[in-house]
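Novice: Per numbering that gives the first Met the number 0, the very first residue in the sequence shown carries number 0; after that it's consecutive. Beta carbons are placed, not taken as given, at the ideal position from N, Cα and C, and that holds for glycine. My questions will all concern the structure given below.
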Amino acid sequence: MRNLLPRETWALMQAQPEAVLIDIRMEIESMYVGRPPGAINIPWYEYPEFTTDVAAFCRQVE
Numbered sequence: 000m001r002n003l004l005p006r007e008t009w010a011l012m013q014a015q016p017e018a019v020l021i022d023i024r025m026e027i028e029s030m031y032v033g034r035p036p037g038a039i040n041i042p043w044y045e046y047p048e049f050t051t052d053v054a055a056f057c058r059q060v061e
């Protein structure tokens, strides 16, 4: 899926209630600036390593 603007995301979520919004920011980021209602936080990477375990990320998304 391509990147969406906030307004586009809201419209998509309203039109498709079965859609799931995954917030890939670090937990600390989403705690600091907030998280969209109903979003699931699955970080792409975490501090201090900033490395991604793609297989683990995909397992969490499933």
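1. Are the beta-carbon atoms of residue 10 and residue 22 separated by less than 9 Å?
2. Using three-state DSSP, classify residue 41 as helix, strand or coil.
3. From what residue to what residue does the alpha helix (DSSP H) around residue 30 run?
Specialist: Taking the definition as stated:
1. no
2. coil
3. 26-32
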